[in-house]
Amino acid sequence: MTYLGNLTCSDCGLTFTSRWGSVPGADEYRCEHDHSVQASSTSGAIVLVEGAPVEGPTLADLRGLCPLCRTELASGLLPQCPVCGGRDHDVRVDGTLG
Ligand SMILES: [Zn+2]
Ligand SMILES: [Zn+2]
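The number in the working numbering is simply the position in the sequence shown, starting from 1, with 1362 added.
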C-alpha cells in the first residue's frame, strides 16, 4: 500500500507532504540517502527505484545495498525529513494508492 500524507518531524517540527509504502506485489526499502526502492515480495527483484521502473538485479545480488548509492537498505522506514534527516514523524495519512 502506498500512502500519501503529511509527516510532522519529531526532531525539528517541520510538516511536509510525502508518499511512502509499497506498491502491489512489492516491498518498499529505503537507504541512508532516502532513495525509495521497491522489490518484489516473491523474487526480491528490484522493480522500481525512486518511482521509475527498472529491470534490475535482486536484493540478494545487491547484498541489500541501494542500487543508487550503495548504502544499506531497510524496510518499514518513513521518508526522511528534508531539513534535518530525521525519520521519527507524526503521521497524518490523507489517502492511499493501490
Ligand atoms: Zn526534521
Ligand atoms: Zn540510495
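Using N, Cα and C, we set each Cβ at its ideal position, and we do this for glycine too.
All of these numbers come straight from a predicted model, not from anything done at the bench.
Exercise. On the three-state DSSP scale, how would you describe glutamine 1442?
Worked result: Taking the sequence shown and counting its residues from 1, one reaches residue 1442 at position 80. The answer is coil: DSSP assigns glutamine 1442 none of H, G, I, E or B.
**Message:** Given 7 Å as the limit, tell me if leucine 1421 has its C-beta closer than that to any heavy atom belonging to ligand 2.
**Reply:** Translated into positions along the sequence shown, residue 1421 becomes position 59. No, the beta carbon of leucine 1421 sits no closer than 7 Å to any heavy atom of ligand 2.
Looking at aspartate 1373 and ligand 1, is the gap between the Cβ and the nearest heavy atom below 7 Å? Numbered from 1 along the sequence shown, position 11 holds the residue referred to as residue 1373. Closer than 7 Å to some heavy atom of ligand 1: that describes the Cβ of aspartate 1373.
Q. What does DSSP give as the partner residues of valine 1409 in its beta bridges?
A. For the purposes of this step, residue 1409 is taken as the residue at position 47 of the sequence shown. Answer by DSSP bridge pairing: none, since valine 1409 is not bridged.
If you draw a straight line from the C-alpha of serine 1384 to the C-alpha of threonine 1404, how long is it? Mapped onto the sequence shown, residue 1384 falls at position 22. Mapped onto the sequence shown, residue 1404 falls at position 42. Answer to the nearest angstrom: the Cα atoms are 13 Å apart.
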